[in-house]
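What follows is a single structure, written as structure tokens, with notes after it.
Numbering (our numbering), first residue to last: 1 to 569.
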């Protein structure tokens, strides 16, 4: 709201001065606090005395805390204001004026009861300077300086170096428990050097400062950290980037202690952007693009996809280039999300599939479990081949074994006389237990071989395996059919971290346009612009502030250990 404030000053010569200013605010606070919109520098005024707000029916004034206000001479806590009202605030008087179209509220402020000479008289009778105490500034300065040197430098050094005060007030005790209590209650002069509470994970050596502070008056060195954290990987390859300034950066630049019991992870964007904002200039061998802020200066996402699953070729491709993944899998999301096209062959009923029908998250909620044929597809895609025995299935994922399974199945039927097919040779429809001669046996196995080929042609047809897989016919090889290897990307951006669990309140289709996807080659990932609808840079005020470590990790497991020369414990 817009408040027009006019301050009236009455001078001794009888003239009147007026000062006008316009204040823009949501609430109009009144008091002696410098943050108040109406700052009244008078000791008789409390801090945050009252607040003036705009409501549905006009403006209201409300006293804060235990304070009171005077409205038209009546003491009150809260009241509605109208033009002509006079608000008493200590020695001040505020008058509500008629509003104008250009402002929401017009008020006039005037000091009615000045303090007079009472303050000056009180100050003249008070002792407020060092000189009046009879002590010179020089003597007091030297005394304080020497006291600080003794108390905060000499005594801590003597205590930590020579244990000079171990025997001070020492009491002979024989009980180990009493001795421990006495040791913990001893006089410690170096406590003034403690900068704060240590991490919980470091408290087991909290009484041994030398574990980290190996050299007096020198900041903690990396060797002290690596002595314990031996399995920590680095950030860059020291061989490729031998001259990088990062190789000389201290661990404590990002990982600080004495800041409380919980681990403190450096989140300042500048720690990363100081190098990555001009990475090409600093390191000409770097393969990453420059970046300084997620909200204003970040390259388009580059997922790592299968360019050729048959040869095992993967590549990082920008989403701006419309990447296509060649996983050797055929899967139209749009068809599977259409209930009219989805009929469960076991029940004969139509089913509405949703994202979570196939895509389930791990227990940690970060990544999704891989989709498997047995768990997610086999209810509809049944690998049966014999109408007379629909419960008999062939194995999935092992095409080279299918022909063997089929020949074994049909050979058993033929040799045992268990065939109920009226079109089968008579020898196969005999009574069980009848002994076959060699000619009959060969005829039975010939039928089994024929049925095996017939079933193979059916299973590897476009309506069965071919509906999802790339099937190749191999007439000159032992196995008649082969399936192209399927490789579907599970972690699309291995150089970043995305936690699905933290985004569970958002519908999947908000980021993944699966409803319109007809090909499995579609890379259904949101672009940078989609993430920026909710996330901004470190200084964002109207979005979620997101720094580099919101999505990236510093210590890369693909990089060598920070100190491989240190022998593992």
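Idealized CB from N, CA, C, for every residue including glycine.
Exercise for the section: Tell me where the alpha helix (DSSP H) around residue 441 begins and ends. Expected result: For residue 441, the uninterrupted alpha helix (DSSP H) run begins and ends at 438-459, by DSSP.
Handout entry: Within 8 angstroms, strictly: CB atoms of residue 81 and residue 69
Key = The answer is no: Cβ separation not under 8 angstroms.
Exercise for the section: Give every residue of the same chain whose Cβ lies closer than 7 angstroms to the Cβ of residue 511, excluding the five residues on either side of it in the sequence, and list them in chain order. Expected result: Cβ-Cβ distances below 7 angstroms link residue 511 to 526 and 530 in the same chain, with the five nearest sequence neighbours on each side left out; the list follows chain order.
Exercise for the section: Report the residue ranges of all beta strand (DSSP E) runs contained in full by the region 72-148; include only those spanning at least 3 residues, in chain order. Expected result: If we require 3 residues or more, the beta strand (DSSP E) runs fully inside the region 72-148 come out as 74-76, 78-81, 86-89, 92-97 and 105-111.
Handout entry: Beta bridge counterpart(s) of residue 545 as assigned by DSSP
Key = DSSP, once it has assigned bridges, lists 536 as partnering residue 545.
Handout entry: Residue from 129, 469 and 4 with nearest C-alpha to residue 95
Key = Distance from the Cα of residue 95 is smallest, within the candidate group 129, 469 and 4, for 4.
Handout entry: Contiguous beta strand (DSSP E) assignments of at least 3 residues, all confined to the region 310-365
Key = Assignment of beta strand (DSSP E) within the region 310-365, counting only whole runs of 3 or more residues, yields 313-316 in chain order.
Exercise for the section: Pair every Cβ in the region 453-460 with every Cβ in the region 386-404, then say whether three or more of these pairs are closer than 8 angstroms. Expected result: Taking a cut-off of 8 angstroms on C-beta distances, the region 453-460 touches the region 386-404, as three or more cross pairs fall below it.
Handout entry: Cβ pair residue 329, residue 257 closer than 8 angstroms
Key = No.
Exercise for the section: Can you give me the start and stop residues for the beta strand (DSSP E) that residue 308 sits inside? Expected result: From DSSP, the beta strand (DSSP E) with residue 308 extends over 304-308.
Handout entry: Simplified DSSP state of residue 288, which is helix, strand or coil
Key = Per DSSP, reduced to three states, the secondary structure at residue 288 is coil, with no helix or strand assignment.
Exercise for the section: With a 10 Å radius around its C-beta and 16 neighbouring C-beta atoms as the bar for buried, classify residue 154 as buried or exposed. Expected result: Of the other Cβ atoms in all chains shown, fewer than 16 fall within 10 Å of the Cβ of residue 154; this residue is therefore exposed.
Handout entry: Beta-ladder partner(s) of residue 65, from DSSP
Key = When beta bridges are read from the DSSP output, residue 65 appears opposite no residue.
Handout entry: For residue 466, three-class secondary structure by DSSP
Key = Residue state, collapsed to three classes: helix.
Practice task
Measure the alpha-carbon distance for residue 309 versus residue 214 and round it to whole angstroms.
Solution key: Using only the alpha carbons, I get a separation of about 53 angstroms.
Exercise for the section: Helix, strand or coil for residue 169, going by three-state DSSP, please let me know. Expected result: Bear in mind that a pLDDT of 48 at residue 169, under 50, signals an unreliable position, so the number given afterwards is only what the model happens to contain. DSSP places residue 169 in coil when its eight states are reduced to three.
Practice task
State buried or exposed for residue 281, treating a residue as buried only when at least 16 other CB atoms are found within 10 Å of its CB.
Solution key: The residue is exposed, with fewer than 16 neighbouring Cβ atoms inside 10 Å.
Problem - Coil, strand or helix - residue 412 by DSSP - result: In the structure shown, residue 412 adopts helical secondary structure according to DSSP, grouped into three states.
Practice task
May I ask which residues mark the beginning and end of the beta strand (DSSP E) holding residue 21?
Solution key: 16-24 is the extent of the beta strand (DSSP E) around residue 21.
Handout entry: Outcome for residue 547 when other beta-carbon atoms lying within 10 angstroms are tallied against a minimum of 16
Key = Using a 10 angstroms sphere on the CB of residue 547, the tally of other CB atoms reaches 16 or more, which defines it as buried.
Practice task
Taking 8 angstroms as the cut-off, decide whether the C-beta atoms of residue 83 and residue 98 are in contact.
Solution key: Going by C-beta atoms, residue 83 is nearer than 8 angstroms to residue 98.
Practice task
Please report how far the alpha carbon of residue 265 lies from the alpha carbon of residue 283, in whole angstroms.
Solution key: The alpha-carbon separation between residue 265 and residue 283 amounts to approximately 26 angstroms.
Practice task
Look up residue 255 in the DSSP assignment and say whether it is helix, strand or coil.
Solution key: Here residue 255 sits in strand by DSSP.
Exercise for the section: For the alpha helix (DSSP H) holding residue 273, just list the boundary residues, first then last. Expected result: 270-276 is the span of the alpha helix (DSSP H), which, as asked, contains residue 273.
Exercise for the section: Could you say which of 43, 34, 321 and 528 lies nearest to residue 299 if we only look at CA atoms? Expected result: The residue among 43, 34, 321 and 528 with its C-alpha nearest the C-alpha of residue 299 is 528.
Handout entry: Within 8 angstroms, strictly: CB atoms of residue 267 and residue 544
Key = It is not a contact, given that the beta carbons lie outside the stated cut-off.
Problem - Assigned secondary structure, residue 180 (DSSP; H/G/I helix, E/B strand, else coil) - result: Caution is warranted here: a pLDDT of 44 is assigned to residue 180, below 50, making its placement in the model unreliable, and the coordinate value is therefore given only provisionally. In the structure shown, residue 180 sits in a helix (DSSP, three-state: H, G or I).
Practice task
Please state whether DSSP places residue 50 in a helix, a strand or coil.
Solution key: Of the three classes helix, strand and coil, the one that applies to residue 50 here is strand, per DSSP.
Practice task
Please list, in chain order, all residues of the same chain as residue 361 whose beta carbon is under 6 angstroms from its beta carbon, the five residues on each side excluded.
Solution key: Sequence-distant partners of residue 361 (beyond 5 residues in either direction) whose C-beta falls short of 6 angstroms from its own C-beta, in its chain, are 368 and 500.
Practice task
Please name the residue in 106, 136 and 237 whose C-alpha comes closest to that of residue 586.
Solution key: Residue 586 falls outside the range modelled here, since the chain spans only 1 to 569, and no answer is possible.
Practice task
Indicate whether the contact test is met: 3 or more Cβ pairs, each with one atom in the region 404-422 and one in the region 382-394, closer than 8 angstroms.
Solution key: Short answer: they touch.
Practice task
Would you tell me roughly how many angstroms separate the C-alpha atoms of residue 505 and residue 518, rounded to the nearest one?
Solution key: Residue 505 and residue 518 have their alpha carbons spaced roughly 26 angstroms apart.
Practice task
With a 10 Å radius around its C-beta and 16 neighbouring C-beta atoms as the bar for buried, classify residue 435 as buried or exposed.
Solution key: Under this definition residue 435 is an exposed residue.
Handout entry: Under the three-state DSSP convention, the category residue 429 falls into
Key = Residue 429 falls in the helix class under three-state DSSP.
Practice task
Would you give the residue range spanned by the alpha helix (DSSP H) that residue 518 belongs to?
Solution key: Run containing residue 518: none; DSSP gives neither H nor E here.
Practice task
Go through its chain and collect everything with a Cβ distance to residue 319's Cβ below 8 angstroms, but skip five positions before and after it.
Solution key: Around residue 319: 300, 301, 302, 303, 523, 525, 527 and 528.
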